[in-house]
Structures are given as structure tokens and as C-alpha cells.
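Numbering (full-length UniProt numbering), first residue to last: 1 to 311.
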């Protein structure tokens, strides 16, 4: 039995492509699907994205993850890239909590200060262990003396407070017309794009991101990709979108010269829409034949890549 899965990002991308193509960098929905496929975006993945298409790429990755894994939208400088289109997906709070942002500088600083912070944490841990041992000994002596001095009056007060506590609930349940209790407390929704916590960044520092997707048609992508690739784990795939061919060709040449990636190829998505009617089946006359270009590859370990991490 054939079951069709509805993807919301395809409808949003198609609507923007027809009305406001410049806001999403002329990114067509078939090119967006090809980006997700070439970057191997799936459940429990940690995807690093450079989204300069209004948040369409971030929302598409978050929808593909389905509340598992994380999508980290990075940016250069102090100003964040807008991701307003993500709100059109109407994600739940669980999915929104998986959409985070972090500056490229923060990710690099944590990688470079790895050895220094490790030695500092080691010294701090040794000092905490010594202090904990002395505190445990004093706490044990205090507990022995306090247990002997416990009176029946204190036990009676504790039992009285335990019996009266259910009556002093600050937010009692409210019953509706059908007699079903409904809690009066409201849960505040989580907005997407919060700052990534230090625990998340530390985990990405240890194992790296599982894939990289770049959609930055307004800037030169060659130097940016060479800076972003060391943040990936080894054998991680990446995909780069651009509406022009020449920037991707130059980026591909730089990656081949630096030996940072293998399986490099430039693809051009091709889509033709047909009108299907009795005796009148033909391609649409006013269809768009341009879908941009995609550079894909796999990150590998090399001397040039290791040198960029140390510098």
C-alpha cells in the first residue's frame, strides 16, 4: 500500500519561490530536497547549517529530524541570520527546543581551548574531591548527634504538616462540564533559535557534527567552507547550495587542493512540470528551468585540515 508523506517545507518553499524568490536565494523545493538527501539528514543527527535564506533551510532540517537530534544555525559576526520562516512550520515546543544558534567564534574557541580547559577542570576536580571528603566526615558526625536529639514533639509536627499539605495546593485542578479535571497552569512555548548551551557545544566539540549544509548565496563560500569543515566529524557529508556555478567551482578547486574532502561533485537539479489533460499533455510554457547548483562531498582527515584546527 502506497502512503504519501506530506512535507510542509516543500509547500513553503514553493510558495516563496513563486512569490518572493529573492528572499530564499531562488532555492527551489527540489533543490532543497536534494540538499537534505546529499547531507544525509536523518533521525538523531546533529546538523550544522549556515542559513542565509530566511530560515527555510533550518526549518526543513528540523522537520526532517522530527524532534530528534539538533540543528545548529551558525553565523559570522555578532548579528544573527534571520530565521523567521521557521515560525511558519508551527513546530511544537519539543521540536523548537532542538533548533539552536551558535556563533562560529564560540565553536572555534571551545575547540582551541580544549587542552587548557581539560587541565583546569582536572585540577578543580581534585580540589573538589578533597573538600568533599572533609565535608562528608563532618556531616556524618552531625547526623549522628541530630538523630539522638529528635523528640516526639517534632515527629508530631511533621505528621501534621504532611496531613495538611494536600489542602494548601496553590494551583488546584479545575473540573470542566464533563467532570474531567484540567490543570490551571499553562506551559510557556519555546521559541526556536535559542542560544546553544555549553553542554551541547562541548558534545559537538568531542564528536563533531554529523553533516553540514550551507545556503549563503550572498557571500563567497570558498573560504567559509574551509572554516566550517573542521567542525564536522570524519566521513561526515556536506552540501553547499548556490544559485551560480562559478563560486561552487572555485570552492571545489580549493577543497581538492587542500585535500579536505573527497567525492566532490557539482549537481544541477532538473525539474519539469507537465500539464496532463486529454489530448493536451505538454510541459508548462511558463515554468522555471533554473534550480541552482549543489556542491556535495565527504570530509576526510588531512594535514591541511589538522593544521587549520590548531591555528
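Even for Gly, the Cβ is constructed at its ideal location relative to N, Cα and C.
| Query | Result |
| --- | --- |
| Within 9 Å, strictly: CB atoms of residue 106 and residue 201 | yes |
| Spatial neighbours of residue 246 in its chain, beta-carbon cut-off 8 Å, leaving aside the 5 residues before and after | none |
| Delimiting residues of the beta strand (DSSP E) encompassing residue 49 | 46-51 |
| Residue range of the unbroken alpha helix (DSSP H) whose run includes residue 237 | Note, residue 237: premise wrong, no alpha helix (DSSP H); beta strand (DSSP E) at 237-242. |
| Distance, residue 232 Cα to residue 302 Cα | 13 Å |
| Which residues DSSP lists as bridging residue 317, in chain order | What is shown of the chain runs 1 to 311, which leaves residue 317 out entirely. |
| Segment contact, 8 Å Cβ cut-off, at least three pairs: the stretch 261-280 with the stretch 53-71 | no |
| Test item: CB-CB of residue 67 and residue 23 under 9 Å | no |
| Counted within 10 angstroms of its Cβ, other Cβ atoms place residue 166 as buried (16 or more) or exposed | For residue 166, the predicted structure reports a pLDDT of 45, less than 50, and the residue's modelled location is therefore unreliable. The matter cannot be settled from this model. |
| Cβ pair count under 8 Å reaching 3, the stretch 35-42 against the stretch 200-219 | yes |
| Neighbour-count burial assignment, residue 284, 16 or more Cβ in a 10 Å radius | exposed |
| Cβ neighbours of residue 97 in the same chain (closer than 6 Å, five flanking residues each side left out) | 190 |
| Distance between residue 19 and residue 86 (C-alpha atoms, nearest Å) | 18 Å |
| Cutoff 8 Å; reference residue 251; Cβ partners in own chain excluding five residues on either side | 221, 222, 225, 240, 295 |
| is_contact[residue 301, chain C] using C-beta, thresh 9 Å | Among the protein chains of the structure shown there is no chain C, as only one such chain exists. |
| Backbone CA spacing between residue 264 and residue 256 [nearest angstrom] | 8 Å |
| Distance between residue 94 and residue 259 (C-alpha atoms, nearest Å) | 39 Å |
| Local Cβ density within 10 Å of residue 253, reported as buried at 16 or more and exposed below that | exposed |
| Chain-order list of residues whose beta-carbon lies under 8 Å from that of residue 12 (same chain, five-residue window excluded) | 56, 59, 85, 88, 89 |
| Which residues DSSP lists as bridging residue 215, in chain order | 51, 241 |
| Own chain partners of residue 275 with C-beta closer than 8 Å, once the 5 adjacent residues on each side are dropped | 281, 282, 283, 284 |
| Limits of the beta strand (DSSP E) - the one that residue 226 falls within | Looking at the DSSP string, residue 226 is not in any beta strand (DSSP E); the run it does join, the alpha helix (DSSP H), is 221-228. |
| Contacting residues, own chain, Cβ-Cβ under 8 Å from residue 298 (five flanking each side not counted) | 235, 236, 237, 238, 261, 262, 263 |
| Residue 29 (DSSP reduced to helix, strand or coil) | helix |
| Assigned exposure category for residue 290 - 16 Cβ within 10 Å defines buried | exposed |
| Cutoff 8 Å; reference residue 300; Cβ partners in own chain excluding five residues on either side | 234, 235, 259, 260, 261, 262 |
| Residue 21 versus residue 83 - alpha carbon distance | 16 Å |
| Residues that DSSP places opposite residue 293 in a beta bridge | 242 |
| Straight-line Cα distance separating residue 288 from residue 214 | 23 Å |
| Residue 156, DSSP secondary structure in three states | Bear in mind that a pLDDT of 42 at residue 156, under 50, signals an unreliable position, so the model cannot answer this. |
| Integer Cβ distance of residue 47 from residue 195, believed to fall under 8 Å | Not quite, the Cβ-Cβ distance comes to about 17 Å (not below 8 Å), so this is no contact. |
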